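These notes concern the structure reproduced below.
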Amino acid sequence: MQTIKKMQYKMLVLDMDDTLLTDDHRISDLNKKVILEAQAKGVYVVLASGRPTTAMTAYAKELELDKNDSYMISFNGAIISRVKDDFILFEQKLTVEQIHALYDYSVEKKAHIITYLDDQIISETDSEFIEVEKEITGMAHHKVSSFKDYVDRPAVKCILLQDPAYLKTLEKDLMEAMPHLSVSMSKPFFLEAAQQGIDKAASLKLLAEQLGIHQSEIIAVGNAGNDLTMIEYAGLGVWVDNVNPELRDKADVIVASNNDDGVAEVVTRYILN
6 MQTIKKMQYK MLVLDMDDTL LTDDHRISDL NKKVILEAQA KGVYVVLASG
56 RPTTAMTAYA KELELDKNDS YMISFNGAII SRVKDDFILF EQKLTVEQIH
106 ALYDYSVEKK AHIITYLDDQ IISETDSEFI EVEKEITGMA HHKVSSFKDY
156 VDRPAVKCIL LQDPAYLKTL EKDLMEAMPH LSVSMSKPFF LEAAQQGIDK
206 AASLKLLAEQ LGIHQSEIIA VGNAGNDLTM IEYAGLGVWV DNVNPELRDK
256 ADVIVASNND DGVAEVVTRY ILN
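The sequence shown maps to residues 6 to 278 in the numbering used here.
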C-alpha cells in the first residue's frame, strides 16, 4: 500500500457486483446519495462491469449517469457506451472462430460455456451457475441444440462456468492454451474470455483520454480478478473489504465491504472531503 497524496479526482470508476451493489443487487441509499453528490461536484462516475450493457443501464440511470453525460464500460471492457443515448464509443468482439475454439476447449475440460447474442444468454447446457448469470443480468436464457451452429457471428465475450475449485485450475491453463485472448475471473465460478487486449483498464484508459482526464485523477473500486487491471491503472486503486483474499495487497486502499457502504467511504474520504 502506498502513501496517498491529496489531490482532486475527476473520475470515479465502479465495479458493480460485489462492489457497488449489495449481495441482493441493490445500490444502498448512502452509496447513491454520495455518488450523486460527487457528480454535483463535476466528477464523472463510470460503471465498469463484466455485465452486458443492458444489465447495467437501469443502475446507471438510477445514479443519473445519463443526466451527467457519463459512460458505462460493459462486458469487461469490450464495449464503452454513453448512457444518455446508447452511443457506442468503443466495441471489440471475439471472432466466430475464437468462440468455437473456446467451445471446443469447454467440452474438453468439462465446463459449461455461455455467450451473448440478441440480448440473450446462449448455451448448450443448463447449470446452476448459468442460473446465477440469469439472476444477475435479468436476461433470457436461450438453450440451443448446437452452440457452434447457433453462434455464427461475432460476440463480445464468452464465460466458462464450473465449480470454483476446478475453474480456478483452468484459469492459467486457458491463458496458456489461448494467449491471444484476455482471460480473467469475475466470480469464483465465472472464467471470462474476451478479445486480446480487452480489459477494464484498457477501456478506462481510452475513455479517460477522450474526456481529457489523466490516470492520476481517477479512482477505481473493485473486488475481483477482472478488476485488477483498472485498480492498478487508476491513480487510486481501491478494494472493498470482500475482495478475493489473494488480491488484497494489490490496491492502494481497502475500504468497507459491498454490504457496508464501502463505495460511500471512498467517495466521502477522497472526493467530498
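No residue lacks a Cβ here, since even glycine has one placed at the ideal position from N, Cα and C.
All values reported here derive from a predicted model rather than from experimental measurement.
Straight-line spacing of the CA atoms in Met61 and Tyr171 works out to 29 angstroms.
Residues His117 and Leu166 of the same chain have their beta carbon placed closer than 7 angstroms to that of Ser132, with the five preceding and five following residues left out of the count.
Sequence-distant partners of Ala261 (beyond 5 residues in either direction) whose C-beta falls short of 6 angstroms from its own C-beta, in its chain, are Asp246, Gly267 and Glu270. Only residues of its own chain outside the window of five on either side were considered, and among them Ala53, Ile78, Asn81, Gly82, Asn231, Asp232, Thr234 and Met235 have a CB closer than 7 angstroms to the CB of Lys205, listed in chain order. Excluding the 5 residues flanking it on each side, Ser189 has same chain C-beta neighbours closer than 6 angstroms at Glu197, Gly230 and Asn231, in chain order.
A distance below 8 angstroms separates the beta carbons of Ile259 and Val248. Residue nearest to Glu136 within the set Phe152, Ala160 and Phe194 is Phe194 (criterion: CA-CA distance). A residue is called buried when at least 16 other Cβ atoms come within 10 angstroms of its Cβ; Pro57 meets this threshold and is buried. As far as DSSP is concerned, Leu233 takes part in no beta bridge.
Between Ile218 and Lys15 a beta carbon distance of about 5 angstroms is seen, short of the 8 angstroms cut, so the two are scored as contacting.
Between Ile104 and Val156, the beta carbon gap of about 5 angstroms places them in contact (Cβ cut-off 8 angstroms). When only Cα atoms are considered, Glu222 and Ala239 end up about 8 angstroms apart.
8 angstroms or more divides the Cβ of Ser208 from the Cβ of Gln200. Only exposed fits Ser150, as fewer than 16 other CB atoms lie within 10 angstroms of its CB. Between Lys139 and Val226, the alpha-carbon positions lie close to 24 angstroms from each other. Note on Met21: 16 or more other CB atoms within 10 angstroms of its CB, so buried under the neighbour-count rule. Take Leu277, set aside five residues on each side of it, and the residues of its chain with a beta-carbon closer than 8 angstroms to its own are Val39, Glu42, Ala43 and Lys46, in chain order. Counting only residues of its own chain and dropping the five nearest sequence neighbours on each side, Lys210 has a CB closer than 8 angstroms to the CB of Gln220 and Tyr238. Rounded to whole angstroms, the separation of the alpha carbons of Glu214 and Leu70 is 19 angstroms.
Beta-bridge annotation (DSSP): Phe80 is not paired with any residue.
Between Pro159 and Val101, the CB-CB gap stays under 8 angstroms. In this chain, the alpha helix (DSSP H) harbouring Gly267 covers Gly267 to Val272. Note on the region 189-249: whole beta strand (DSSP E) runs with a minimum of 3 residues are 195-200, 223-227 and 241-245, in chain order.
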